[in-house]
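Q: Numbering of the sequence shown is given in the working numbering, commencing with residue 7 and proceeding in unit increments. Take this structure, written in structure tokens, and hold onto it; I'll ask about it next.
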Amino acid sequence: MKKFSFSMVSILNARVAQKEAREHELVAAQRNLREEEERLNGIVAKINSALYAEVPSNPDGRYFVQKQKYVSMLKRLRRQQQTVVNKAMVAVQLCLNKLREADIELKKMEKLQERESASWTLATQREDQKQSDEIGTTLAFFNKMKI
């Protein structure tokens with residue numbers, strides 16, 4: 007008896023590979039998002055330390071001007087980094103959507119394989135039953151002939 011072979015196995019394999027590639031893309035995007043969020047948290051920590059730093063004794067006006075410029079620069083960096091983090095979040099969401107689509111396509115192919123396998127199994131069972139019936143009919147015929 008011949009074995010079941012799925013006619014679209016190459017497409018199924020391609021869908022599996024596509025899903026794995028999407029998973030790797032998602033992991034990379036999530037890693038990138040974490041790194042960008044860490045940079046943003048570092049900038050926020052610098053802002054807080056600059057704002058709440060101990061003021062030296064007898065500060066002159068230049069100290070406060072420099073401190074204000076430094077804090078302004080850090081706030082500008084924070085806004086820029088927040089934009090980068092937002093873009094990274096969008097990239098993660100896009101990767102999630104692509105992974106969902108790849109998963110749906112893979113499930114479709116697996117379902118098709120299950121249907122083909124069930125159809126093949128049914129056809130094989132029918133063929134086996136047909137052969138059993140023929141053997142039974144032949145034996146019954148020969149038994150009648152002997153009587």
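Just so you know, even glycine gets a beta-carbon here, dropped at the ideal spot from N, CA and C. None of these values were measured; they are calculated from a predicted model.
1) Leaving aside the five residues before and after Lys-73 along the sequence, list all residues of the same chain whose C-beta is less than 7 Å from its C-beta, in chain order.
2) Which residues in the same chain as Gln-88 place their Cβ atom closer than 7 Å to its Cβ, once the five residues preceding and following it in sequence are excluded?
3) Cα separation between Glu-60 and Phe-70?
4) Can you tell me which of Arg-132, Asp-134, Phe-147, Glu-120 puts its alpha carbon nearest to the alpha carbon of Ser-13?
5) Just to confirm before moving on: does the CB-CB distance between Ala-97 and Gln-24 stay below 7 Å?
6) Using 10 angstroms around the beta-carbon of Leu-112, count the other beta-carbons present and answer buried if the total reaches 16, otherwise exposed.
7) With a 10 Å radius around its C-beta and 16 neighbouring C-beta atoms as the bar for buried, classify Arg-28 as buried or exposed.
8) Exposed or buried, what is Val-33 when buried is set at 16 or more other beta-carbons lying within 10 Å of its beta-carbon?
9) Between which two residues does the alpha helix (DSSP H) carrying Asn-47 extend?
10) Taking the straight line between their C-alpha atoms, what separation do you get for Asp-134 and Leu-145?
11) I'd like the ranges of any beta strand (DSSP E) spanning at least 3 consecutive residues and lying wholly in the region 96-125.
12) In angstroms with no decimal places, state the Cα-to-Cα distance between Ala-129 and Ser-123.
A: Taking the coordinates as given:
1) Around Lys-73: Ala-56.
2) Leu-46, listed in sequence order.
3) A straight-line Cα-Cα distance of about 12 Å links Glu-60 and Phe-70.
4) Residue Glu-120 is the option with its Cα nearest to Ser-13.
5) Gln-24 sits away from Ala-97, with the two beta carbons spaced by 7 Å or more.
6) Counting the other Cβ atoms within 10 Å of the Cβ of Leu-112 gives 16 or more, which makes it buried.
7) The Cβ neighbour count for Arg-28, taken over all protein chains shown within 10 Å, is at least 16; the residue is labelled buried.
8) Val-33 comes out exposed.
9) Start and end: 15-57.
10) When rounded, the distance between both Cα atoms is 16 Å.
11) Listed in chain order, there is nothing to give.
12) Approximately 10 Å, taken between the alpha carbons.
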